[in-house]
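Chemist: Protein sequence lines, in the order shown, are assigned to chains Y and U.
With this note's numbering applied, the first sequence has no gaps in its numbers, which climb one by one up to 561 at the end.
With this note's numbering applied, the second sequence has no gaps in its numbers, which climb one by one up to 808 at the end.
From the three backbone atoms N, C-alpha and C, an ideal C-beta is built for every residue, glycine too.
If you're wondering where the values come from, they're calculated on a predicted model, not measured in any experiment.
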Amino acid sequence: MSALALFAVWLLALIAAVPIGAALWAVGAQMLDAAAWQALWADPQTWRAWGMTLWTGLASTALAWITVAHVLASGFIRQQLGRWLSHLPALLATPHAAMAIGLVLWLSPSGWALRLVSPGLTGFSAPPPWFTTQDPWGLGLILALWFKEVPFLLWVAATQMQREDLRRRWQAEYALAQTLGRPPAQAFAQIIWPQLAPRLRWPLLAVLAYGLTVVDMALIIGPATPPTLAVLAWQWLSDADLLTQSQGVAAAGWLTGTVLVAGVVTVVALRALAALRKFASRGLLLQTAEDWAAVFHRGRLPLRPNVVWTLILSTYAAIWFALTVGSVSGVWPFPQVWPELWTLNAWQQVASSAHTVWTTLGLGVASASVCLLWSVAWLELAPRRWQQALQPWFLLPLVLPSVLWVVGLYSLALHTRLEGQWLGLSLAHAVMVLPYVLLALVPAYQAVDPRQAALVASLGHGRWVYLWRVKWPLLQRAIASAWAVGFAVSVAQYLPTLYVGAGRFATVTTEAVTLAAGSQRSLMSAYAALQMLLPIAAFALAAWLGRPRRFEKIAPMKATP
Amino acid sequence: MTDTPQDGLHHGMNDGMNDGLHVHIERLGSAHHALVSGLRLDVPPGEILTLMGPSGCGKSSVLAAIAGTLASVSEGLLPLQLQGSVQLNGRELSNLPTHQRGVGLVFQDALLFPHMTVAENLLFAVPACGTNGISRTNAQRQARVQQALQEADLSGMGERDPSTLSGGQRARVALMRALLAEPQALLLDEPFSKLDAALRAQLRPWVFAHVRERRIPVVLVTHDEQDVADPQRVVHLRAMEESTNHV
């Protein structure tokens, strides 16, 4: 490596690592406050909130993991995974808050689910006083997290399974296992899944961390008395009282510890499961393996449509539909299935505060583009060993609670006088966006055949010709979708926007979450729909940019001499 | 690595020092483990030297050392380093980057670029300047592509998606692409190993005829005796013994 390249790699590593490190340092320093911790322990809400956090986080993660295993298994076995996963960007683009709001529109006492059966089945002529959303058991939150995290895990699995090299190898191994007498479900469970699951470990930890620490979704659909610990921490952090604020920092620290312990426990549990499976495949516990495979893949008939996948798709469709109808609804008395009055009022209101949309777009484009440029430069220049060594560090924003990050990023912004500034806010977004962009790009980069670079060089072309005419065009799809993922992540940011932006910046997400607490159904739905439409537009743009080249099907036969 | 006077660069091409490829590998390997040592290869222009040996003996690494692509071979493992010299027509290559060496490469996979048509794949290789240093017009470059397509018996298939070609067709395009870059030496890394026996038997004489025609030194790596181009020029590479302190 030349001195210049080495310098560039160092610079890149510092650019990404320093803000992360500095933010952690800043929040760590604030945590050394005994009074804050005492206040945290003494608060009667703390323990119940913590219990609620554990319950919702662990249950939603476990459900998402089982669902993903099931969908991947049946999709792979039926050779339909590619087709199924082609719907994925739309699911992935649905932000957490929009998901939660859509579920509320269905499940709340005045929601569609009850309207459909009222008053016919229930006899209700007014919404019943039920806790169907913000239920004290956290079920609504679990449901929302479950449906939201499945597409994310599937997407990470897809970046692996659609790698040309892995896809071919796994297909061959899967076929081989069947020639050795394994039925398809077992072949998948014993050969493919053990190779795939470890690759999903980081994303799974991210899902777990997200479930344990989510704020925006929990504000909308989570329990209120007590809320989850993350919501409590957020409430304390936004309190005017300094001691309450530091109690919030302590709660963020406690939450971080919880995530770390839960992460370790999850990894150990997965290892134990894998060991059990190895044990089983040696024939000692063959029966267990078969039972397990049966659990894995209940649908024995190869043509039976997959229930789970259909359920997920229809849930998303129902949510989009609810948001769309909600955004144009006017007067809508309870048991009626359709609004009495249709109106574009809400959209006109959105249009009149167009700066909110521009802020959202600007932040998304800036942070996604910066992260993409950084990631491409990093993956091109840094040696593989550096990449592997530093990857966990860059993925930290994915696994540590956002209440922790905002405290650190805010004090970092205070030190650099960037708090409440556009630049500071977009950098804070970039810190949160970077791990997703990196995760999206790494598998595509790993799949590049190193002989291709050698071949291009042997044709007499330098590095830039290789990058511009061969490598990057071939990675176009991955690059475009990494950008779209980054944009979607930025659009969905709630806490950093509010906190680092010092409340001066409104995005469609902050508006939607704020409105969810009120009673303006149509305006809330409009912002939630917009929050979803922006990422979907980005994914559509990415799909168009990354579309594979169309060749002529059959070349015109020329008369050749 | 050997130090070479910079003026060595200017000989070779112009003043007729057309004395072929001379490779002397004192040691090729990682810091802990020598893969190949004490190997000499001398290939005059227009001759094909066949390098044979069992898997893992370092055949492909020798080619990578000649082409200057050791970095891409050692990806993930310990980096391989060459001690020795590689001379082509009087030029010392070992300190030059691959794209300045004038050494062509053909792998067992054709490695046609999937986002380019067959003709674009070929055009990619045609240098913008001729050997005389005068830049070529687009029409001239296109003409060379068409000629290559004809030589490969693929006329009219220029606009095709490379993935729609048969294995033999792809192999022919790969060779033509390497030759269009006007290399001063060509390295063939098991170019026939992915083809069936009948296709191999067809392709072998075609490849050998084309490379001999260019009057350039060629090194062919194979583990198949039938691939030997010239029984007079065969080098057998033996696997080095594992170092006893192997970790």
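My understanding is that T159 (chain Y) touches A512 (chain Y), with C-beta atoms under 8 Å, so please give their C-beta distance in whole angstroms.
Modeler: If you number the first sequence from 1, residue 159 (chain Y) lands on position 159. If you number the first sequence from 1, residue 512 (chain Y) lands on position 512. Incorrect: roughly 28 Å between the Cβ atoms, too far for contact.
Chemist: Any C-beta of chain A sitting closer than 9 Å to the C-beta of V584 (chain U)?
Modeler: No chain A is present in this structure, whose protein chains are Y and U.
Chemist: Taking the alpha-carbon of A251 (chain Y) as reference, which of Y:A506, Y:A49 and Y:W10 has the nearest alpha-carbon?
Modeler: For the purposes of this step, residue 251 (chain Y) is identified with residue 251 of the first sequence, where counting begins at 1. That would be Y:A49, whose Cα lies nearest to the Cα of A251 (chain Y).
Chemist: Once the 5 residues before and after T659 (chain U) are set aside, which same chain residues still bring their CB inside 8 Å of it?
Modeler: Taking the second sequence and counting its residues from 1, the one referred to as residue 659 (chain U) is at position 98. Closer than 8 Å at Cβ, skipping near neighbours: A628, G629 and T630.
Chemist: From what residue to what residue does the beta strand (DSSP E) around L412 (chain Y) run?
Modeler: Working through the first sequence from its first residue, we reach residue 412 (chain Y) at position 412. Element bounds for L412 (chain Y): not the beta strand (DSSP E) but the alpha helix (DSSP H), S402 to H415.
Chemist: Taking DSSP as the reference, what is the three-state secondary structure of I627 (chain U)?
Modeler: Locating residue 627 (chain U) in the second sequence gives position 66, where the first residue counts as 1. Of the three classes helix, strand and coil, the one that applies to I627 (chain U) here is helix, per DSSP.
Chemist: Given a threshold of 16 other Cβ atoms within 10 Å of its Cβ, counted over all protein chains shown, does E774 (chain U) qualify as buried or as exposed?
Modeler: Taking the first residue of the second sequence as 1, we reach residue 774 (chain U) at position 213. Exposed: under 16 other Cβ atoms inside 10 Å.
Chemist: Which residues of chain Y have a Cβ atom closer than 7 Å to the Cβ of H676 (chain U), listed in chain order?
Modeler: Looking up residue 676 (chain U) in the second sequence gives position 115. Result: P473, L474 and R549.
Chemist: State the DSSP-derived secondary structure class of M161 (chain Y), mapped to helix, strand or coil.
Modeler: As a working note, residue 161 (chain Y) is residue 161 in the first sequence. Three-state result, M161 (chain Y): helix.
Chemist: Pick out the complete alpha helix (DSSP H) segments inside the stretch 18-66 of chain Y, 4 residues or longer, and give them in chain order.
Modeler: With a minimum length of 4 residues, the continuous alpha helix (DSSP H) runs that stay inside the stretch 18-66 of chain Y are 34-42.
Chemist: How is the alpha helix (DSSP H) around I695 (chain U) delimited, first residue to last?
Modeler: Position 134 of the second sequence, counted from the start, is the residue given in the question as residue 695 (chain U). Segment: none, I695 (chain U) is in no alpha helix (DSSP H) and carries neither H nor E.
Chemist: Could you list which residues in chain Y have their beta carbon closer than 7 Å to that of P688 (chain U), in chain order?
Modeler: As a working note, residue 688 (chain U) is residue 127 in the second sequence. Neighbours of P688 (chain U) in chain Y, taken as residues at a C-beta separation under 7 Å, are given in chain order as G460.
Chemist: Shorter than 8 Å, the distance from the beta carbon of V780 (chain U) to the closest heavy atom of the ligand GTP, or not?
Modeler: Among the components of this structure there are no ligands whatsoever, and the ligand GTP is therefore not found.
Chemist: Given that Q391 (chain Y) touches chain U, what residues does it touch there, using C-beta distances under 9 Å?
Modeler: Counting from one through the first sequence, the residue named residue 391 (chain Y) turns up at place 391. Those within 9 Å of Q391 (chain Y) in chain U number zero; the least Cβ separation is about 15 Å.
Chemist: Helix or strand or just coil, what does DSSP make of I609 (chain U)?
Modeler: For this step, residue 609 (chain U) is matched to residue 48 along the second sequence. Residue state, collapsed to three classes: strand.
Chemist: Just to confirm the assignment, what range does the beta strand (DSSP E) spanning S598 (chain U) have?
Modeler: Working through the second sequence from its first residue, we reach residue 598 (chain U) at position 37. Looking at the DSSP string, the run of the beta strand (DSSP E) that includes S598 (chain U) is A595 to V604.
Chemist: Answer with yes or no whether the minimum CB distance from D33 (chain Y) to chain U is below 9 Å.
Modeler: Start at 1 with the first residue of the first sequence, and residue 33 (chain Y) comes out as number 33. So no, D33 (chain Y) is outside the interface.
Chemist: Around the Cβ of S125 (chain Y), are there at least 16 other Cβ atoms within 10 angstroms (buried) or fewer (exposed)?
Modeler: In the first sequence, the residue the question calls residue 125 (chain Y) occupies position 125. It is exposed - the Cβ of S125 (chain Y) has fewer than 16 other Cβ atoms within 10 Å.
Chemist: Determine the contact status of W106 (chain Y) and A113 (chain Y), defining contact as a CB-CB distance below 9 Å.
Modeler: Along the first sequence, read from residue 1 onward, the residue named residue 106 (chain Y) stands at position 106. Along the first sequence, read from residue 1 onward, the residue named residue 113 (chain Y) stands at position 113. Yes.
Chemist: With a floor of 3 residues, list each beta strand (DSSP E) that falls wholly inside the stretch 714-784 of chain U, ordered by position along the chain.
Modeler: 746-750 and 779-783
Chemist: How would you label E786 (chain U), buried or exposed, when you count the other beta carbons within 10 angstroms and need 16 or more for buried?
Modeler: The count along the second sequence starts at 1 and reaches residue 786 (chain U) at position 225. The residue in question, E786 (chain U), is exposed, as its Cβ has fewer than 16 Cβ neighbours within 10 Å.
Chemist: Please list the segments of the alpha helix (DSSP H) lying wholly inside the stretch 179-258 of chain Y, counting only runs of 4 or more residues, in order along the chain.
Modeler: 184-187, 193-196, 201-213, 216-221 and 229-237
Chemist: Do you know offhand how far V597 (chain U)'s Cα is from V768 (chain U)'s?
Modeler: The residue labelled residue 597 (chain U) in the question sits at position 36 within the second sequence. The residue labelled residue 768 (chain U) in the question sits at position 207 within the second sequence. One C-alpha to the other measures close to 28 Å.
Chemist: With C-beta atoms as the reference, is T225 (chain Y) less than 9 Å away from P136 (chain Y)?
Modeler: Working through the first sequence from its first residue, we reach residue 225 (chain Y) at position 225. Working through the first sequence from its first residue, we reach residue 136 (chain Y) at position 136. In this structure, P136 (chain Y) lies closer than 9 Å to T225 (chain Y) by Cβ.
Chemist: I need the straight-line Cα distance from M432 (chain Y) to W202 (chain Y), nearest angstrom please.
Modeler: Numbered from 1 along the first sequence, position 432 holds the residue referred to as residue 432 (chain Y). Numbered from 1 along the first sequence, position 202 holds the residue referred to as residue 202 (chain Y). Approximately 16 Å, taken between the alpha carbons.
Chemist: Keeping to the same chain, check which residues put their C-beta closer than 6 Å to that of E587 (chain U); ignore five residues upstream and five downstream.
Modeler: Your numbering for residue 587 (chain U) matches position 26 in the second sequence. Taken in chain order, the residues that qualify are Q644 and G645.
Chemist: Going by DSSP in three states, A289 (chain Y) sits in which element: helix, strand or coil?
Modeler: In the first sequence, residue 289 (chain Y) corresponds to position 289, counting from 1. Residue placement at A289 (chain Y) is flagged as unreliable, the pLDDT there being 45, under the threshold of 50; the coordinate-derived value follows with that caveat. Helix, per DSSP.
Chemist: What residues of chain Y sit near A592 (chain U), judged by a beta carbon separation below 8 Å?
Modeler: Translated into positions along the second sequence, residue 592 (chain U) becomes position 31. Going along chain Y, no residue has its Cβ under 8 Å from A592 (chain U), so there is no contact; the nearest lies around 15 Å.
Chemist: Please report the distance separating the alpha-carbon of L398 (chain Y) from that of P778 (chain U).
Modeler: Here residue 398 (chain Y) refers to the residue found at position 398 of the first sequence. Here residue 778 (chain U) refers to the residue found at position 217 of the second sequence. Rounded to the nearest angstrom, the two C-alpha atoms are 55 Å apart.
Chemist: Excluding the 5 residues preceding and the 5 following I20 (chain Y) in the sequence, name in chain order all residues of the same chain whose CB lies nearer than 8 Å to its CB.
Modeler: Here residue 20 (chain Y) refers to the residue found at position 20 when the first sequence is read from its first residue. Excluding sequence neighbours, I20 (chain Y) sits near W393, F394, L396, P397 and V431.
Chemist: Which term fits L176 (chain Y), buried or exposed, when burial requires 16 or more other beta carbons within 10 angstroms of its beta carbon?
Modeler: Numbered from 1 along the first sequence, position 176 holds the residue referred to as residue 176 (chain Y). Exposed, since its Cβ has fewer than 16 Cβ neighbours within 10 Å.
Chemist: Looking at the secondary structure, which residues open and close the beta strand (DSSP E) in which V584 (chain U) lies?
Modeler: Residue 584 (chain U) sits at position 23 when you count from the first residue of the second sequence. The continuous beta strand (DSSP E) containing V584 (chain U) extends over residues L582 to G590.
Chemist: Mark D750 (chain U) as exposed unless 16 or more other C-beta atoms lie within 10 angstroms of its C-beta, in which case mark it buried.
Modeler: By 1-based counting over the second sequence, the position of residue 750 (chain U) is 189. D750 (chain U) is buried by the Cβ-count criterion.
Chemist: Quick check: is the beta carbon of L379 (chain Y) nearer than 9 Å to any beta carbon in chain U?
Modeler: The count along the first sequence starts at 1 and reaches residue 379 (chain Y) at position 379. It does not: the Cβ of L379 (chain Y) has no partner Cβ on chain U nearer than 9 Å.
Chemist: For L168 (chain Y), which three-state DSSP category applies?
Modeler: Stepping through the first sequence from its first residue, residue 168 (chain Y) is reached at position 168. In the sequence on display, residue 168 (chain Y) carries Arg and not Leu. Helix.
Chemist: With respect to the alpha helix (DSSP H) encompassing S458 (chain Y), which residues constitute its N-terminal and C-terminal limits?
Modeler: The residue you call residue 458 (chain Y) lines up with position 458 of the first sequence. Taken as a continuous stretch (DSSP letters only), the alpha helix (DSSP H) holding S458 (chain Y) covers P450 to S458.
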